[in-house]
Structure formats: structure tokens, C-alpha cells
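Heads up: the sequence shown is residues 24 to 328, going by the working numbering. Glycine included, C-beta positions come from ideal geometry on N, C-alpha and C. These numbers come from a predicted model, not from an experiment. Following: one structure in C-alpha cells, then a few remarks.
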Amino acid sequence: MFMAVSNFLSSTAEGVFPFYLDHAHVKGRLIRLGSVIEELLANHQYPDFVNQYVAELVALTAALSVDVKYDGIFTLQVSAHPDHEGPIRLITVDINTQGHVRAYAQLAPAFESTKDYHSLSLLDVFGQGFMVFTADLAHQTERYQAIVELTGKTLADCMHHFFRQSDQIATGLVVFSQPSRSDGQLMAGALILQRLPLEQTSTSEQKEQEEDDWITNLSLLGTLTKHELLDADLGSEQLLHRLFHERQLQLLEPKSLKAQCSCSKDRIEKVIQNFPLEDRMDMAVDGEIKVVCEFCTADYRFGVN
Ligand SMILES: [Zn+2]
Numbered sequence: 024m025f026m027a028v029s030n031f032l033s034s035t036a037e038g039v040f041p042f043y044l045d046h047a048h049v050k051g052r053l054i055r056l057g058s059v060i061e062e063l064l065a066n067h068q069y070p071d072f073v074n075q076y077v078a079e080l081v082a083l084t085a086a087l088s089v090d091v092k093y094d095g096i097f098t099l100q101v102s103a104h105p106d107h108e109g110p111i112r113l114i115t116v117d118i119n120t121q122g123h124v125r126a127y128a129q130l131a132p133a134f135e136s137t138k139d140y141h142s143l144s145l146l147d148v149f150g151q152g153f154m155v156f157t158a159d160l161a162h163q164t165e166r167y168q169a170i171v172e173l174t175g176k177t178l179a180d181c182m183h184h185f186f187r188q189s190d191q192i193a194t195g196l197v198v199f200s201q202p203s204r205s206d207g208q209l210m211a212g213a214l215i216l217q218r219l220p221l222e223q224t225s226t227s228e229q230k231e232q233e234e235d236d237w238i239t240n241l242s243l244l245g246t247l248t249k250h251e252l253l254d255a256d257l258g259s260e261q262l263l264h265r266l267f268h269e270r271q272l273q274l275l276e277p278k279s280l281k282a283q284c285s286c287s288k289d290r291i292e293k294v295i296q297n298f299p300l301e302d303r304m305d306m307a308v309d310g311e312i313k314v315v316c317e318f319c320t321a322d323y324r325f326g327v328n
């Protein structure tokens, strides 16, 4: 069975495309991003290999946050071990419920602009650092946080580990980034499948069937090439249909992401006003307190009083 969603923009390759397989026993999300990545990176001058990490982390954050039904901000951060002398200190990506995304990376003091870091593994870059997912929900005082130690060669390896630890749901995923062939613009994409827990009443035959189905889905996922995932000329509906047409593909409402920072002069001013006058005097240079947003590089200036 193939259900088309009326406002599914098949001509649009970009966005977040949730779907179900196998009569909704498997939840999937396809993420394909181009112009959002371009806008996010335009404010910064990171080296290519840092841009790729940022782009892939944006795709993974979108995959994690897209089906959370509460209002809030979802943050995925990868940080290096404090004693590790690698090229990147940390990368942070935020996505809110409206699909506004922002991201930044902090290069480490050990970073050398002439060195080629492309062949380094995740652990070479960050050492025994951490991946932290935080959900800051609007109407709750406590935040939800999941932390895993960095593990594996790539972000995808580490994400697998993250899902195993935090959700304990069987998960298959791929994440890729590469410059587009037409204009060299960096694109990122991810495809994630998660097996939803079986009902308690399932018979052993049903369980066996589910197991077989899951293995089939994972092998289909394994056939997806980097080129297909990041091919701007291939519609997302088309891509999913091509991969999963025999798996009762059910497309859900797609979501778009927008590069937009949530910083504001008012909010920063309130934070500054909370400091005692003496501290504000210390912060000031030539009578002015200067604050630069790490995410969007917006430059705010305030008087001491
Ligand atoms: Zn900002």
C-alpha cells in the first residue's frame, strides 16, 4: 500500500520526511539538507572538514527532534575530551519545534589550518569525548538529557551507540555529507529506521517474521548510496519509494527546516543587567560591553549602566 500525502512536495528534495514501514512497525525519517546548511555555515569560516561534521550533526539533530510533540529546543552537542589535543573542541546544533536551526563549532587551540584532517576518525578528532542530547521543553522545569561517550569511527557509529543506550530501540542509520556536483554547495542527509517495540501478545511466529522483516529493511537501507541520498534532482518521495516500495511505505507530513538564530538584544541585555555594576565595568572595553552570538555571529553592544 502506498499512501500519498496531499501536500507532499515531491519536487522538493530538501527537508525532513518522516514515514512508516511494515504497517507502522518501523518508524523512519529521511533528512536532506542543502540551502539550510549553506545559510548556517555562511556566518562562519570553518575549514571543509569541520563544515562536514557540522552538516552531518545538523542532519542527525533533525532526525532526533522531528517527532517530539512538545514545544521546546533540542540540542545535540559533540564535545572533545578536555585532555585531547585534536582539531575541534565542540559542535553544537539546536533545533526548535518550529524547525528553526542554528549551529556552531569551536576549533581547538591545536587546530592547524595547513593540516588535512579528513582521514581522521571521530575518536582521532575528539578523543574520548561525549555526545549529549538535551530536550528543553517549554512547559517543564526539568530538562531531559541523554549522554554517551564517543565511540566508533564516525558520527553514525556513535549515534547507533546513542540509540542503543538511550532508547533501547533497534536502529539502523546512515548519514552523509558532500559538496553538490552542480554548484559545490555542501549537502547533508541522513536516513534512520527504528523498529517499534512489539506488542506483548505477539506469538513466536510473529516475532520471527518481524525479525526477518527488520533484517530486510536494514539491508535495503544498506543499498542507499551517498550519491542517491544527496542527489538534489531525486525527489525525496521518489527516493523513499525506490528503496521501500515493497515495505508498505506510508509517508507522513514532511517538515522544513530554516536557519534562524533565537538570540535577541533584549534577552542578552537582561542577562547582562543581572550582573552587579562592578562586574559589568570589568566586562566593558572602552565603556562598551560587546557580546557576539556564537551561533549566528551577531554582534551586540551595550553600555555599562
Ligand atoms: Zn544568534
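Whole-number beta carbon distance between residue j and residue i, since they are thought to touch under 8 Å
{"i": "Gly-51", "j": "Ile-215", "result": "6 Å"}
{"i": "His-104", "j": "Gly-152", "result": "5 Å"}
{"i": "Glu-79", "j": "Ala-211", "result": "5 Å"}
{"i": "Val-91", "j": "Ala-47", "result": "Not confirmed; about 18 Å, so no contact."}
{"i": "Pro-202", "j": "Leu-196", "result": "Incorrect: roughly 22 Å between the Cβ atoms, too far for contact."}
{"i": "Cys-181", "j": "Leu-145", "result": "6 Å"}
{"i": "Leu-263", "j": "Ala-36", "result": "Rounded, the Cβ-Cβ distance is 12 Å, inconsistent with contact."}
Spatial distance of residue i from residue j (CA atoms)
{"i": "Met-304", "j": "Arg-324", "result": "14 Å"}
{"i": "Phe-149", "j": "Val-198", "result": "18 Å"}
{"i": "Cys-319", "j": "Leu-243", "result": "38 Å"}
{"i": "Asn-119", "j": "His-183", "result": "23 Å"}
{"i": "Asp-190", "j": "Gly-310", "result": "51 Å"}
{"i": "Val-308", "j": "Arg-290", "result": "21 Å"}
{"i": "Gly-95", "j": "Asp-206", "result": "35 Å"}
{"i": "Leu-53", "j": "Leu-300", "result": "50 Å"}
{"i": "Ser-225", "j": "Ile-192", "result": "17 Å"}
{"i": "Leu-241", "j": "Arg-265", "result": "15 Å"}
{"i": "Ser-33", "j": "Leu-275", "result": "Only weak support is given to the placement of Ser-33: the predicted model assigns it a pLDDT of 37, under 50, and the value that follows is read from those uncertain coordinates. Roughly 13 Å separates the two Cα atoms."}
{"i": "Leu-83", "j": "Asn-328", "result": "42 Å"}
{"i": "Gln-330", "j": "Glu-292", "result": "This structure cannot settle anything about residue 330, because the visible part of the chain is limited to 24 through 328."}
{"i": "Ala-131", "j": "His-107", "result": "10 Å"}
{"i": "Phe-31", "j": "Thr-137", "result": "Confidence at Phe-31 is low in this model, with a pLDDT of 37, below 50, so the placement of that residue should be treated as unreliable; the coordinate-derived value is given next. Rounded to the nearest angstrom, the two C-alpha atoms are 45 Å apart."}
{"i": "Lys-313", "j": "Ser-259", "result": "44 Å"}
{"i": "Glu-317", "j": "Leu-63", "result": "12 Å"}
{"i": "Val-28", "j": "Ala-86", "result": "Confidence is the limiting factor: at Val-28 the pLDDT is only 40, short of 50, which leaves the residue's position unreliable, though a coordinate-based value still follows. When rounded, the distance between both Cα atoms is 20 Å."}
{"i": "Ala-255", "j": "Met-306", "result": "47 Å"}
{"i": "Glu-135", "j": "Glu-233", "result": "50 Å"}
{"i": "Glu-61", "j": "Gln-68", "result": "12 Å"}
{"i": "Pro-277", "j": "Gln-261", "result": "14 Å"}
{"i": "Arg-204", "j": "His-250", "result": "10 Å"}
{"i": "Tyr-167", "j": "Thr-194", "result": "20 Å"}
{"i": "Glu-165", "j": "Arg-270", "result": "39 Å"}
{"i": "Gln-18", "j": "Arg-55", "result": "Residue coverage of the chain in this structure runs from 24 to 328, which leaves residue 18 outside it and unanswerable."}
{"i": "Phe-267", "j": "Asp-302", "result": "60 Å"}
Which listed residue (the options) has its alpha carbon closest to that of residue i
{"i": "Leu-44", "options": "Ser-279, Asp-206, Ile-238 and Met-154", "result": "Ile-238"}
{"i": "Val-89", "options": "Gly-122, Glu-79, Tyr-76 and Val-197", "result": "Gly-122"}
{"i": "Ser-287", "options": "Glu-260, Ala-321, Gly-152 and Glu-276", "result": "Ala-321"}
{"i": "Asp-139", "options": "Thr-115, Glu-276, Asp-71 and Tyr-93", "result": "Asp-71"}
{"i": "Leu-252", "options": "Asp-235, Ala-213, Gln-271 and Gly-245", "result": "Ala-213"}
{"i": "Val-116", "options": "Asp-147, Val-59 and Ser-142", "result": "Val-59"}
{"i": "Val-49", "options": "Asp-235, Thr-248, Ala-161 and Gln-100", "result": "Asp-235"}
{"i": "Val-19", "options": "Ala-36, Ile-111 and Leu-160", "result": "Because residue 19 is not part of the residues shown, which for the chain are 24 to 328, the question remains open."}
{"i": "Gln-100", "options": "Ser-142, Glu-172 and Asn-66", "result": "Glu-172"}
{"i": "Val-175", "options": "Ala-36, Phe-267, Asp-147 and His-67", "result": "In the sequence under discussion, the amino acid at residue 175 is Gly, which differs from the Val named in the question. The residue with the shortest Cα to Cα distance from Gly-175 is Asp-147."}
{"i": "Ser-285", "options": "Ala-36, Glu-61 and Val-124", "result": "Val-124"}
{"i": "Val-77", "options": "Tyr-93, Thr-177, Ile-170 and Leu-257", "result": "Thr-177"}
{"i": "Phe-156", "options": "Gln-163, Gln-188 and Gln-261", "result": "Gln-188"}
{"i": "Tyr-93", "options": "Thr-194, Ala-65, Gln-168 and Ala-161", "result": "Ala-161"}
{"i": "Ala-133", "options": "His-250, Glu-165, Pro-277 and Gly-109", "result": "Gly-109"}
{"i": "Met-154", "options": "Glu-165, Ile-114 and His-268", "result": "Ile-114"}
{"i": "Ala-179", "options": "Val-81, Tyr-167 and Leu-56", "result": "Val-81"}
Neighbour-count burial assignment, residue i, 16 or more Cβ in a 10 Å radius
{"i": "Val-315", "result": "exposed"}
{"i": "Phe-40", "result": "buried"}
{"i": "Ala-128", "result": "buried"}
{"i": "Gln-75", "result": "buried"}
{"i": "Glu-231", "result": "exposed"}
{"i": "Ser-279", "result": "exposed"}
{"i": "Phe-298", "result": "exposed"}
{"i": "Leu-221", "result": "exposed"}
{"i": "Thr-98", "result": "buried"}
{"i": "Ala-126", "result": "buried"}
{"i": "Ser-227", "result": "exposed"}
{"i": "Phe-25", "result": "Summary for Phe-25: the model assigns pLDDT 42, below 50, so the residue's position carries little reliability, and this model does not support an answer."}
{"i": "Arg-218", "result": "buried"}
{"i": "Gly-245", "result": "exposed"}
{"i": "Ser-200", "result": "buried"}
{"i": "Gly-326", "result": "exposed"}
{"i": "Thr-248", "result": "exposed"}
{"i": "Ile-170", "result": "exposed"}
{"i": "Ala-393", "result": "This structure cannot settle anything about residue 393, because the visible part of the chain is limited to 24 through 328."}
CB contact check: residue i to chain C, cutoff 8 Å
{"i": "Leu-173", "result": "Absent here is chain C; the protein component of the structure consists of one chain."}
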